[in-house]
Ligand SMILES: Cc1cc2nc3c(=O)[nH]c(=O)nc-3n(C[C@H](O)[C@H](O)[C@H](O)COP(=O)(O)OP(=O)(O)OC[C@H]3O[C@@H](n4cnc5c(N)ncnc54)[C@H](O)[C@@H]3O)c2cc1C
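In our numbering, the protein residues as written are 66 to 504.
Here is the structure:
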């Protein structure tokens, strides 16, 4: 689906409850009171939409990219929190004054603890959930614990807010509005169940086994999984999967890894994995024959449908993984387009598949550039970082509109390279990037 349609659907969904209440026949209140209700409704609708913006739905992240999906998820969570904070403070209405002519309860605020308490608990929980998300990297608990708390917390907030919203007196007599809330809530909960219950059941029917685990560079491993009794995965070069090795499919122990093999090289999936935390540091202990499960493919770092006449790939460290898959696929296809790969590492020992990459460099029109920031004394290649000067030297004299730029690596590097390429005249639509960061 075209990203424009996705944005239109998002806006329509989040504005639906507001629209339904707008067409209702309640008497008008002061602007601040209307804003207070509107802020609450919009916050709840955004929270419900967050469930489908979790990054686990290919129809969304496959179109706009995982990075953009997660940036939206974070931005909208903060927006919802801001609106939720404003919601109770904007009201100018008095508390629970019984007005005989106020049939809808439009001109008083209830003091009914049942409905107020559910709203207040959700309000506090939302603030805690967003704060924990923002500070997650500096909080000392396992990623899987965070994921579990995030899922349960979000479901709890949605349930409490549904209770609060359906029982608030000023809107509780509007059946159309109640239907809108129940439908949005159901979609959110079904999407949560799909990720945590339906997908694992589907994965049980399509198991994989680890067929090899090889050290290929400093703290870096090549892991290959093989389909067990099925035809494997249909994917585009450059995409990634959530990989679960050695755990049952309902486990939360799964991590995103880019596929470094080419779709046309066979049914096995290959990964380049760098040691970072608890799972990746134990890769070397995985035995061949271990059962694995794969959820994917995800992501839009692919060249499918991209018609630019030249391709530039810029990889930072293990960010080479998806670009390797694309490079291998381009080689199998005999793609004639000029291609430049800039592969940046700190030290020489971090370079993976050097011989294979240099062999690609022998193809006409293909240039492979190894860049080191801490080179050994006998290094003859370029040194330093992929900064503005370096990019200017590589692309400054070329027509920027001719290139498709594929970037993958640490978030800080990607952000600076994106900015520098734009400064050189590339358009955002020509730059596809993936940060190895899913928060
Ligand atoms: C789209 C994408 C593609 C990636 N491709 C590769 C690749 O090809 N090769 C590679 O070496 N690394 C890749 N990564 C990074 C890789 O996922 C993390 O290094 C790995 O998950 C760390 O797990 P850990 O248990 O060893 O470390 P931990 O110490 O548990 O986690 C370290 C950090 O990794 C991230 N992380 C951990 N678990 C998960 C999870 N289940 N889901 C999402 N993020 C998690 C979190 O930011 C966490 O703070 C990719 C990341 C993303 C988002």
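Beta carbons are placed, not taken as given, at the ideal position from N, Cα and C, and that holds for glycine.
Item                                                                                                      : Value
Close Cβ partners of residue 190 (< 8 Å) along its chain, the five nearest in sequence each way excluded  : 218, 221, 222 and 225
Which of helix, strand or coil DSSP assigns to residue 271                                                : coil
Residue 363 - partner residues in DSSP beta bridges                                                       : 305
Range covered by the beta strand (DSSP E) that runs through residue 45                                    : Nothing about residue 45 can be read from this structure; the chain reaches only from 66 to 504.
DSSP beta-bridge partners of residue 409                                                                  : 381 and 436
Counted within 10 angstroms of its Cβ, other Cβ atoms place residue 269 as buried (16 or more) or exposed : exposed
Proximity test, residue 95 beta-carbon vs ligand 1 heavy atom, cut-off 6 Å                                : no
Proximity test, residue 321 beta-carbon vs ligand 1 heavy atom, cut-off 6 Å                               : yes
Reference residue 289, options 283, 274 and 299, closest by Cα                                            : 274
Boundaries (first-last residue) of the alpha helix (DSSP H) holding residue 323                           : Note, residue 323: premise wrong, no alpha helix (DSSP H); beta strand (DSSP E) at 320-323.
Any non-hydrogen atom of ligand 1 closer than 6 Å to residue 343 Cβ                                       : yes
Paired residues, beta bridge with residue 290 - DSSP                                                      : 275 and 334
Run of the beta strand (DSSP E) containing residue 249, from where it starts to where it stops            : Taken as a continuous stretch (DSSP letters only), residue 249 belongs to no beta strand (DSSP E), being part of the alpha helix (DSSP H) at 240-258.
Identity of the residues DSSP links to residue 282 by a beta bridge                                       : 285
Backbone secondary structure at residue 310 - three-state DSSP                                            : strand
Contacting residues, own chain, Cβ-Cβ under 8 Å from residue 103 (five flanking each side not counted)    : 83
Residues near residue 386 in its chain [Cβ-Cβ closer than 6 Å; skip 5 each side]                          : 323, 325 and 337
Terminal residues of the beta strand (DSSP E) in which residue 498 lies                                   : 496-500
Nearest-angstrom beta carbon gap, residue 359 and residue 308 [assumed within contact, 8 Å]               : 6 Å
Contacting residues, own chain, Cβ-Cβ under 8 Å from residue 392 (five flanking each side not counted)    : 378, 404, 406, 422 and 425
Exposed unless 16 or more other CB atoms sit within 10 angstroms - verdict on residue 335                 : buried
Closer than 6 Å: residue 310 CB and nearest ligand 1 heavy atom                                           : no
CA-to-CA distance, residue 499 to residue 316, given in whole angstroms                                   : 26 Å
C-alpha gap between residue 141 and residue 501, whole angstroms                                          : 21 Å
Among 362, 91, 112 and 472, nearest to residue 145 - alpha-carbon criterion                               : 112
CB of residue 496 within 7 Å of CB of residue 460, strictly                                               : no
Interface flag, residue 251 vs chain C, CB-CB below 7 Å                                                   : Annotation note: the requested chain C is absent from the structure, which comprises a single protein chain.
Beta-carbon proximity check, residue 390 vs residue 327, cutoff 7 Å                                       : yes
Residue span of the alpha helix (DSSP H) that contains residue 87, given as start and end                 : 68-87
Beta-carbon proximity check, residue 279 vs residue 287, cutoff 7 Å                                       : yes
Option in 480, 267 and 127 with minimal Cα separation from residue 71                                     : 127
Opening and closing residue of the beta strand (DSSP E) in which residue 474 lies                         : 468-474
Option nearest residue 228 by Cα separation, candidates 399, 188 and 198                                  : 188
Proximity of residue 397 and residue 329 at Cβ, strictly below 7 Å                                        : yes
In DSSP terms, what residue 358 is bridged to                                                             : 309
Bridge partners - residue 431, DSSP secondary structure assignment                                        : 404
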